[in-house]
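Asker:
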Amino acid sequence: MSPADRFAVFPELNVTVEPLPGQALRVRVAGEVTMENVGELRCVLLRAIDDVRARAVEVDLALVTFIDSTGIGKLVSARAHAGANGSDLWIVNPSPGVRRVLSLLGLLEVLGTPTGTSGWAPPKSA
Numbered sequence: 002m003s004p005a006d007r008f009a010v011f012p013e014l015n016v017t018v019e020p021l022p023g024q025a026l027r028v029r030v031a032g033e034v035t036m037e038n039v040g041e042l043r044c045v046l047l048r049a050i051d052d053v054r055a056r057a058v059e060v061d062l063a064l065v066t067f068i069d070s071t072g073i074g075k076l077v078s079a080r081a082h083a084g085a086n087g088s089d090l091w092i093v094n095p096s097p098g099v100r101r102v103l104s105l106l107g108l109l110e111v112l113g114t115p116t117g118t119s120g121w122a123p124p125k126s127a
């Protein structure tokens, strides 16, 4: 299988993590989030909550070109898991396509707003 064929079958997903002040993390997601690769995103989100014990996890979706129902389901379940573990998880900067899908499902405001249960607040801009 050529590299081009591999990405046609298994769309590329890039997930990076960076620290934020106050024991929080930003998870940046780029590419397509599909059934074939959503396990990678799930693993990163659960490690941030369970292993790193982040008080807050901000998931940046600005570079996501496509998300299917399994990706949306993982975001919803990760948010619930975070809340059950004294953490918080929300999305920021959804790409236009992701914004449209989440809006149609009634999840844009739900996933885009911190619950405040962790006591963490984003740093104030200068």
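Position 3, counted from 1, in the sequence shown is what this note's numbering calls 4; the numbers after and before it change by one each time, with no gaps.
Where a beta carbon is used, it is the ideal one built from N, C-alpha and C, also for glycine.
On a predicted model such as this, the values are computed, not experimentally measured, just so you know.
1) Compute the distance between the beta-carbons of Leu105 and Leu112, then report whether it is under 8 Å.
2) In this structure, does DSSP put Thr71 in helix, strand or coil?
3) Starting from the N-terminal side, write out each stretch of the alpha helix (DSSP H) that is 4 residues or longer and does not extend beyond the region 80-115.
4) Look at the alpha carbon of Ala79 and the alpha carbon of Arg43, and state the distance between them as a whole number of angstroms.
5) Leaving out five residues before and five after Ile92 in sequence, what residues of the same chain have Cβ atoms less than 7 Å from its Cβ?
6) Does DSSP put Gly136 in a helix, in a strand, or in coil?
7) If we count the other Cβ atoms within 10 Å of its Cβ and call it buried at 16 or more, is Asn38 buried or exposed?
8) Tell me whether Val53 sits in a helix, a strand or coil according to DSSP, three-state version.
9) How many whole angstroms separate the CB atoms of Val58 and Ala83, which I take to be in contact at a CB cut-off of 8 Å?
10) Where Gly23 and Arg100 are concerned, what is the direct C-alpha to C-alpha distance, given to the nearest angstrom?
11) Can you name the residues that DSSP bridges to Val60?
12) Given this structure, state the Cα-to-Cα distance separating Asn15 from Asn94, to the nearest angstrom.
13) Output the distance between the C-alpha atoms of Arg56 and Gly87, rounded to the nearest integer angstrom.
Answerer: Answer, in terms of the structure:
1) no
2) helix
3) 97-105, 109-112
4) 7 Å
5) Val60, Leu62, Leu76, Leu112, Gly113
6) What is shown of the chain runs 2 to 127, which leaves residue 136 out entirely.
7) buried
8) coil
9) 6 Å
10) 28 Å
11) Val28, Ile92
12) 16 Å
13) 7 Å
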